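Quick note: the sequence shown uses our numbering, first residue 5, plus one each step.
Each residue gets a CB set at the ideal place from its N, CA and C atoms; glycine is no exception.
Being a predicted model, the structure only gives us computed values, none of them experimental.
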Amino acid sequence: MEEIWNKFSCACTNGDLNTLHHIISNGLLNVNAVDNKGRSGLLMAVCRNQVEVVKYLLSNGADPTLKDINNNNALHLASISGSSQIVSIILNYQNEQQQHQQQQQYQQQPSNLINQTILSKDVNNNTPLHLASSRLKRMLSNIKSNSSNGNYKDSELIKELKSILSSFYSIINAVGSNEDKLKMQLIINNFEKDQISTEEYEMDDDENDENDTNNLSKTLDDLDSLLNGLSLS
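Quick look at the structure:
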């Protein structure tokens, strides 16, 4: 069994779909098996940003609500890494499961399957949204540090912020109130407008850096404010 587990975990982290299919389709290992740290194959795949593995595991019964010893579920880890694509995949999967569950049970009231994952807290009492927010704050600190050291790479940092914005949008669009959805869309619109404005004006490198930093700071402040007043449905 240990040998099978080793092959399974390596396949999850390295994106080896052929090995995964062999193990799962032949029933050699439960798709929700975990190691001594509570890490399932899905959690390992999320940490390594193995998008296709995440899709495959979910389609074969992997449980995104399982937690490791630090109380992190798949959405926590995706938020930490800033993987907006995986955040969307997990939310879409749970939404489909929720709809299927409602159809089977003939429920008029929506279940809280997605909320259970999004509102789940790790050992430090952080939800996936809080983790994403913390990542944003660290990113801003890195922006200022890199700028002062002359190693400012705005394109990379802006790309990362776009990814995190997409993660926030996916989560809030799934469970946020209508007001929060509008606020989130406004933040994205303002961020994109600021980026266009920066590109249209001719400025020297220092002015560009300062302008980008100010735009990013404003976006992060707006997101932080939204998170503090978030109303999940």
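Task: Cβ-Cβ distance between GLN98 and PRO132 below 8 Å - done: For GLN98 and PRO132, no; Cβs fall outside 8 Å.
- [ ] May I have the straight-line CA-CA distance separating ALA15 from GLU183, to the nearest angstrom?
- [x] Each residue's alpha carbon lies about 42 Å from the other.
Open item on the list: So, at 6 Å on beta carbons, what are the nonlocal neighbours of SER87 in its own chain, with the 5 sequence-adjacent residues on each side left out?
Closed with: Taken in chain order, the residues that qualify are ASN53.
Task: Beta-carbon spacing of LYS185, ASN177 below 8 Å - done: Contact flag set, yes.
Task: Contact set for TRP9: own chain, Cβ-Cβ below 8 Å, skip 5 residues either direction - done: Cβ neighbours of TRP9 within its own chain (closer than 8 Å, five residues either side excluded): LEU33, ALA37, ASP39.
Open item on the list: Quick check on DSSP: helix, strand or coil for VAL57?
Closed with: For VAL57, the secondary structure class from DSSP, reduced to helix, strand or coil, is helix.
TODO: Check VAL38 in the structure and name its three-state DSSP category.
DONE: Strand at VAL38.
TODO: Identify the continuous alpha helix (DSSP H) that holds GLY45 and give its terminal residues.
DONE: Unbroken alpha helix (DSSP H) run through GLY45: 45–51.
Task: Pairwise C-alpha distance: MET188 and SER181 - done: Going from the Cα of SER181 to the Cα of MET188 covers about 11 Å.
- [ ] Just the C-alpha distance for GLU196 and LEU220, rounded to the nearest angstrom, thanks.
- [x] It is roughly 11 Å from the alpha-carbon of GLU196 to the alpha-carbon of LEU220.
Task: Extent of the continuous alpha helix (DSSP H) run through THR17 - done: Where THR17 is concerned, the enclosing alpha helix (DSSP H) stretches over 6–18.
Task: Opening and closing residue of the alpha helix (DSSP H) in which SER29 lies - done: That run of the alpha helix (DSSP H) goes 21–29.
Open item on the list: Please list the terminal residues of the continuous alpha helix (DSSP H) segment that includes ILE84.
Closed with: Here the alpha helix (DSSP H) through ILE84 covers 78–85.
Open item on the list: Whole angstroms are fine: how far does the CA of ILE191 sit from the CA of ASN227?
Closed with: As written in the sequence, residue 227 is Leu, which differs from the Asn given in the question. If you take the alpha carbons of LEU227 and ILE191, they lie about 7 Å apart.
Open item on the list: Rounded to whole angstroms, what is the Cα-Cα separation between ILE93 and LEU231?
Closed with: Those two C-alpha atoms are separated by around 22 Å.
Task: Alpha-carbon spacing of GLN112 relative to ASP198, whole angstroms - done: Here the model assigns GLN112 a pLDDT of 47, short of 50, so the residue's position is not dependable and the matter cannot be decided.
Task: Nonlocal neighbours in the same chain, by C-beta distance under 7 Å from TYR173, ignoring five residues either side - done: Around TYR173: MET188, ILE192.
TODO: Compute the Euclidean distance between the alpha carbons of ASN64 and SER83, then round it to the nearest angstrom.
DONE: Straight across, the Cα-Cα distance linking ASN64 with SER83 is about 23 Å.
TODO: Might you give, ordered along the chain, the residues of its own chain that have their beta carbon closer than 6 Å to the beta carbon of THR3, omitting 5 neighbours on each side?
DONE: Nothing about residue 3 can be reported from this structure: the residues present for the chain run from 5 to 237 only.
Open item on the list: Applying the 10 Å Cβ sphere with the 16-neighbour rule, what's the burial state of ARG43?
Closed with: So ARG43 ends up on the buried side.
Open item on the list: Give me the residue from LEU95, THR17, GLY31 with the minimum Cα distance to VAL57.
Closed with: Measuring C-alpha to C-alpha distances from VAL57 to each of LEU95, THR17, GLY31 identifies THR17 as the nearest.
Task: Burial state of GLY233 (16 or more Cβ within 10 Å) - done: Classification of GLY233: exposed, given that the 10 Å Cβ count is below 16.
Task: Reference LYS41, options GLY19, LYS71, LEU21, LEU61, closest by Cα - done: Sorting GLY19, LYS71, LEU21, LEU61 by C-alpha distance to the C-alpha of LYS41 places LYS71 at the top.
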